[in-house]
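J.: Quick one: the structure is below, questions incoming.
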Amino acid sequence: MDWLFFGEISLAGLAMGGLYALIALGFVIIYKATRVINFAIGEIMMFAAYLFLAFAGGMEMSPWIALPLAVIGGSILGGVIEKTIIRPMLGESPISVVMVTIGIASILVGLVEFVWTADPQLLPNFLPREPVFIGELYLAPKIAYGFLIGSALLIVYLLYFRFSRGGVALRATASDQAAAYSMGINVRRVFNMAWVFGSLAASLAGVLVAATGGLSPQFGIIGLSVLVVVIVGGLDSILGALVAGVFIGWLETVAGAYLGGEYRMPATFLVLAIILVIRPYGLFGTHEIERV
Amino acid sequence: MFRNILEKGRRLAGLGSLVAALTVAAPAMAQDKEPIVFGGSIPLSGVFAFAGIHLHAGLTDYTDWINSQGGINGHPVEYVMEDTAYEVDRSVAAFKKISGSSSPATYYGDSTGFMKAIASELNSQGNTLMSGASFATVLTDNETYPYQFIPGPNYSQMFGIILEYIASQGEGGDMPNVAFVYSDTEFGKDPIENGKARAAELGIEVVEEIVTKPGSVDVSAEVLKLRRVRPDYVVFHGYVLSPINEFMVQMRQMGLDTQFMGTFWSSDKLIIDKMGADADGYMGVMPYNYYDSEESGPMLDALRAQAEKSDPEAGYRPTGYIQGWFNAMVWTEVIKRTLDAGKELNADNMAEALASIEDWDTGGIIGIPVTVRDMSFPVGRIWRVNADEGRYEPVSDWIHLD
Numbered sequence: 001m002d003w004l005f006f007g008e009i010s011l012a013g014l015a016m017g018g019l020y021a022l023i024a025l026g027f028v029i030i031y032k033a034t035r036v037i038n039f040a041i042g043e044i045m046m047f048a049a050y051l052f053l054a055f056a057g058g059m060e061m062s063p064w065i066a067l068p069l070a071v072i073g074g075s076i077l078g079g080v081i082e083k084t085i086i087r088p089m090l091g092e093s094p095i096s097v098v099m100v101t102i103g104i105a106s107i108l109v110g111l112v113e114f115v116w117t118a119d120p121q122l123l124p125n126f127l128p129r130e131p132v133f134i135g136e137l138y139l140a141p142k143i144a145y146g147f148l149i150g151s152a153l154l155i156v157y158l159l160y161f162r163f164s165r166g167g168v169a170l171r172a173t174a175s176d177q178a179a180a181y182s183m184g185i186n187v188r189r190v191f192n193m194a195w196v197f198g199s200l201a202a203s204l205a206g207v208l209v210a211a212t213g214g215l216s217p218q219f220g221i222i223g224l225s226v227l228v229v230v231i232v233g234g235l236d237s238i239l240g241a242l243v244a245g246v247f248i249g250w251l252e253t254v255a256g257a258y259l260g261g262e263y264r265m266p267a268t269f270l271v272l273a274i275i276l277v278i279r280p281y282g283l284f285g286t287h288e289i290e291r292v
Numbered sequence: 001m002f003r004n005i006l007e008k009g010r011r012l013a014g015l016g017s018l019v020a021a022l023t024v025a026a027p028a029m030a031q032d033k034e035p036i037v038f039g040g041s042i043p044l045s046g047v048f049a050f051a052g053i054h055l056h057a058g059l060t061d062y063t064d065w066i067n068s069q070g071g072i073n074g075h076p077v078e079y080v081m082e083d084t085a086y087e088v089d090r091s092v093a094a095f096k097k098i099s100g101s102s103s104p105a106t107y108y109g110d111s112t113g114f115m116k117a118i119a120s121e122l123n124s125q126g127n128t129l130m131s132g133a134s135f136a137t138v139l140t141d142n143e144t145y146p147y148q149f150i151p152g153p154n155y156s157q158m159f160g161i162i163l164e165y166i167a168s169q170g171e172g173g174d175m176p177n178v179a180f181v182y183s184d185t186e187f188g189k190d191p192i193e194n195g196k197a198r199a200a201e202l203g204i205e206v207v208e209e210i211v212t213k214p215g216s217v218d219v220s221a222e223v224l225k226l227r228r229v230r231p232d233y234v235v236f237h238g239y240v241l242s243p244i245n246e247f248m249v250q251m252r253q254m255g256l257d258t259q260f261m262g263t264f265w266s267s268d269k270l271i272i273d274k275m276g277a278d279a280d281g282y283m284g285v286m287p288y289n290y291y292d293s294e295e296s297g298p299m300l301d302a303l304r305a306q307a308e309k310s311d312p313e314a315g316y317r318p319t320g321y322i323q324g325w326f327n328a329m330v331w332t333e334v335i336k337r338t339l340d341a342g343k344e345l346n347a348d349n350m351a352e353a354l355a356s357i358e359d360w361d362t363g364g365i366i367g368i369p370v371t372v373r374d375m376s377f378p379v380g381r382i383w384r385v386n387a388d389e390g391r392y393e394p395v396s397d398w399i400h401l402d
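Keeping their order, the protein sequence lines are chains A and D. So for the first sequence, full-length UniProt numbering puts the first residue at 1; every next one is plus one. So for the second sequence, full-length UniProt numbering puts the first residue at 1; every next one is plus one.
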């Protein structure tokens with residue numbers, strides 16, 4: 001066994017897993033507060049990445065100005081979607097709401113094809129290109145710096161949810177909407193805030209992932225593959241999203257390296273199947289008991 | 001005398017009028033002949049739209065050009081197409097609709113999946129010859145696909161050309177080694193087994209095989225695998241752009257002096273436009289001369305003139321455009337040969353005419369005369385990116401496989 005190789009592969013997998021965790025966080029925040037599974041999360045990622053391309057590529061802004069603008073653009077898109085499309089669906093069946101998010105995803109794909117064409121794109125380089133070594137272990141610079149930026153946002157989010165007034169309102173609404181409403185929390189505003197924060201996390205992940213692997217109108221498919229992460233971790237668990245994101249990223253990479261690229265997805269779906277059998281609500285998800 | 005001159009003048013004027021009338025009427029008479037229809041399932045939207053719009057432009061411009069030349073043996077040409085979004089079911093529906101309403105002599109298929117799916121219907125109808133965007137090896141199986149051909153080398157032949165080039169770079173018996181990197185798709189896997197067999201025949205060691213998801217993926221783990229085997233060449237297949245860029249950039253960051261090569265769909269200018277200086281040195285196999293190459297020839301010049309005429313703002317035309325044009329060029333040659341032989345325009349006769357193509361001068365589209373082998377044109381050339389110039393430059397002679 002080449003332990004150096006295993007170490008490098010593991011490091012790459014863990015770093016990629018950090019980005020998966022960020023996307024999964026976008027899923028979970030929205031689901032936790034509003035009970036909507038947002039199938040358009042990948043397309044929101046894609047939209048933000050295209051915004052970055054427009055700002056940093058087309059308008060030649062500094063990438064460090066383009067990045068926050070693109071992320072804010074993506075989060076505003078999330079807020080607008082919630083307010084104009086999802087909110088009128090309140091009270092409708094969950095399937096209808098899910099179908100609406102799938103429809104939104106298709107519209108976003110059409111929109112970017114219309115504006116930016118269907119050509120594959122590469123984002124302007126904005127991350128350092130010097131190889132990163134941790135001891136003797138090599139890590140691709142884009143992955144390393146992407147992980148650092150993503151981790152910074154994760155820490156900000158965790159602190160915000162733990163200590164801020166808005167974070168407490170969000171957690172309270174997630175725990176019990178009726179009780180939160182009776183305590184004077186503006187639940188509708190919390191719903192909107194959840195979409196904004198969820199989309200913001202996804203948007204940042206979108207730019208970072210596109211910076212590594214390129215961009216096309218089909219980029220949003222990655223959002224669906226991260227659904228595995230969310231189900232393994234638990235749909236309503238932020239901790240689950242973080243742990244499962246890092247684990248699935250590591251597993252995918254190690255399986256790809258030792259078994260071959262065609263075994264990446266089967267390996268993760270095998271884990272998904274096992275978790276669903278043992279803990280249907282995910283590793284850290286809430287086990288809801290319905291009493292009749 | 002004056003009357004005499006007037007009389008002669010009247011006769012000359014009458015003769016002139018007759019000549020003028022015939023000159024004007026000849027194309028009109030040609031247009032009176034029954035039109036020949038080029039059909040097409042064209043991916044103007046969807047994942048392949050980046051190429052589809054250029055394929056469509058190439059087919060449209062060729063049709064306009066051939067009609068301006070009097071059509072095919074006096075028959076005007078009509079190009080009838082539908083957008084398929086690169087979905088097999090929509091491509092099949094488009095084929096049924098177009099073949100039901102317009103009886104196309106030839107047809108452009110947008111994918112290997114569609115061309116395989118439609119084969120039994122195509123074979124039973126026996127009216128239409130098909131080619132298209134696919135260079136799949138399987139389509140050159142004449143037993144199963146007797147009415148389909150490849151407008152260039154198939155993917156296995158592309159690998160054969162690449163490997164011949166690599167073998168030619170071996171110095172003093174020191175044969176370079178190679179790694180294959182391909183997408184986990186039918187497209188990606190197509191030439192791998194034949195490529196390995198050909199490499200073995202040439203004495204080239206395949207030191208690693210990497211399979212990835214297509215498109216936007218992190219490949220840092222795969223790059224780590226390649227670092228351990230340090231291949232002299234990496235041959236990509238089954239991609240358009242990503243993740244080729246990441247492999248090249250990361251491997252160069254690691255200090256490897258590996259050279260990178262790819263097949264038709266990953267050898268367009270898109271790589272240069274998107275990667276910039278990082279694309280320098282990338283090599284691709286291409287059966288046609290690039291639009292901005294220094295090569296010329298009557299047909300290549302006509303292509304450039306027609307492209308300029310149809311859209312003066314477009315500038316460079318991608319390889320998809322030339323591929324669309326070349327498809328229609330082959331259809332024209334095949335139809336012409338069939339009509340010249342006095343045969344009915346059906347799939348059997350057109351397939352026979354196609355198989356008869358030998359040492360065909362394509363007017364500069366392909367740099368040497370080409371001969372059809374197993375319903376394909378097994379010819380190509382290796383081109384290398386000169387990033388400073390922003391274009392591909394030839395680094396090998398034309399290679400025509402037997």
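Glycine is no exception: its CB is placed at the ideal position from the N, C-alpha and C atoms.
(1) Exposed or buried, which one is residue 220/D when buried takes at least 16 other CB atoms within 10 Å?
(2) Along the alpha helix (DSSP H) that carries residue 4/A, what are the first and last residues, could you check?
(3) Going by beta carbon distance, what residues of the same chain come within less than 7 Å of residue 177/A, once the five residues before and after it are set aside?
(4) Per the DSSP calculation, residue 79/D is bridged to which residue(s)?
(5) With a cut-off of 7 Å, does the C-beta of residue 218/A fall near any C-beta of chain D?
(6) Closer than 7 Å, CB to CB, is residue 256/D near chain A or not?
(7) Could you give the residue range of the alpha helix (DSSP H) that holds residue 222/D?
(8) Assess contact between the region 182 to 194 of chain D and the region 230 to 247 of chain D, defined as three or more Cβ pairs (one per stretch) separated by less than 8 Å. Is contact present?
(9) Report the option in 145/D, 54/D, 224/D whose CA atom is closest to the CA atom of residue 121/D.
(10) Cα separation between residue 8/A and residue 22/A?
(11) Under a CB-based cut-off of 7 Å, is residue 16/A close to chain D?
(12) Taking C-alpha atoms, which residue in 208/A, 281/A, 266/A lies nearest to residue 236/A?
(13) Rounded to the nearest angstrom, what separates residue 63/D and residue 79/D at their Cα positions?
(14) What are the boundary residues of the alpha helix (DSSP H) that includes residue 47/A?
(15) Specify, as a first and last residue, the run of the beta strand (DSSP E) that residue 180/D falls within.
(16) Using a Cβ-Cβ cutoff of 9 Å, what residues of the region 198 to 213 of chain D are near chain A? List them in chain order.
(17) At least one CB of chain A closer than 7 Å to the CB of residue 49/D: is that the case?
(18) Could you tell me whether any Cβ in chain A is nearer than 7 Å to the Cβ of residue 184/D?
(19) Below 6 Å CB to CB, which residues in the same chain sit around residue 158/D once its five sequence neighbours on both sides are set aside?
(20) Use the C-beta contact count for residue 110/A: other C-beta atoms within 10 angstroms, 16 or more gives buried, fewer gives exposed.
(21) Per DSSP, what kind of secondary structure is residue 246/A in: helix, strand or coil?
(22) At least one CB of chain A closer than 7 Å to the CB of residue 250/D: is that the case?
(23) Quick one, which residues of the region 220 to 251 of chain A are near chain D if we go by CB-CB under 7 Å, in chain order?
(24) What are the start and end residues of the alpha helix (DSSP H) that includes residue 91/D?
(25) Measuring CA to CA, which of 219/A, 95/A, 260/A, 102/A is closest to residue 183/D?
(26) For residue 96/A, write down the residues that DSSP places opposite it in a beta bridge.
(27) Check each candidate in 272/A, 31/A, 143/A, 121/A and name the one with the smallest Cα separation from residue 131/A.
(28) Tell me, please, whether the CB atom of residue 131/A is closer than 7 Å to any CB atom in chain D?
(29) Just tell me which of 61/A, 86/A, 41/A, 40/A has its CA closest to the CA of residue 191/A.
(30) What's the call for residue 212/A, buried or exposed, on a 16-neighbour Cβ count within 10 Å?
(31) Quick one, are the C-beta atoms of residue 17/A and residue 250/A less than 7 Å apart?
(32) Using the DSSP secondary-structure output, state which residues sit across from residue 321/D in a beta bridge.
(33) Could you tell me how far apart the beta carbons of residue 132/D and residue 87/D are, in whole angstroms, since I believe they sit closer than 8 Å?
(34) Taking the beta strand (DSSP E) that residue 260/D belongs to, which residues open and close that run?
(35) Note down, in chain order, every chain D residue with its Cβ under 8 Å from the Cβ of residue 119/A.
(36) Using a Cβ-Cβ distance under 7 Å, would residue 412/D count as near chain A?
T.: In this structure, then:
(1) Buried is the call here.
(2) Per DSSP, residue 4/A belongs to the alpha helix (DSSP H) from 3 to 34.
(3) Taken in chain order, the residues that qualify are 187.
(4) Answer is 38/D, bridged to residue 79/D.
(5) Closer than 7 Å: yes.
(6) Answer no: the Cβ-Cβ gap between residue 256/D and chain A never drops below 7 Å.
(7) For residue 222/D, the enclosing alpha helix (DSSP H) stretches over residues 220 to 229.
(8) Yes, they touch.
(9) Nearest option by C-alpha distance: 145/D.
(10) Roughly 22 Å between the two C-alpha positions.
(11) Yes, contact with chain D.
(12) The shortest Cα separation from residue 236/A among 208/A, 281/A, 266/A belongs to 281/A.
(13) So the two alpha carbons sit approximately 7 Å from each other.
(14) Note, residue 47/A: alpha helix (DSSP H), 41 to 52.
(15) 178 to 183 is the span of the beta strand (DSSP E), which, as asked, contains residue 180/D.
(16) Taking a C-beta cut-off of 9 Å against chain A, the contacting residues of the region 198 to 213 of chain D are 209, 210, 211, 212, 213, listed in chain order.
(17) Chain A, which has a Cβ nearer than 7 Å to the Cβ of residue 49/D, makes this yes.
(18) Interface residue, yes.
(19) Answer for residue 158/D: 263, 285, listed in chain order.
(20) Residue 110/A comes out exposed.
(21) DSSP, read as helix, strand or coil, puts residue 246/A in helix.
(22) True, the Cβ-Cβ gap to chain A drops below 7 Å.
(23) Answer set for the region 220 to 251 of chain A: 222.
(24) First-last of the alpha helix (DSSP H) with residue 91/D: 88 to 102.
(25) Cα-wise, what sits closest to residue 183/D is 260/A.
(26) DSSP, once it has assigned bridges, lists no residue as partnering residue 96/A.
(27) Residue 143/A is the option with its Cα nearest to residue 131/A.
(28) Interface residue, yes.
(29) It is 86/A whose Cα lies nearest to the Cα of residue 191/A.
(30) Answer is buried; the Cβ neighbour count reaches 16.
(31) Yes, they are a contact pair.
(32) In the DSSP assignment, no residue is bridged to residue 321/D.
(33) Not a contact, Cβ separation roughly 15 Å.
(34) Per DSSP, the continuous beta strand (DSSP E) segment holding residue 260/D begins and ends at 259 to 262.
(35) The answer, in chain order, is 50, 270.
(36) Beyond the ends of chain D as shown, which are 1 and 402, falls residue 412/D; an answer cannot be given.
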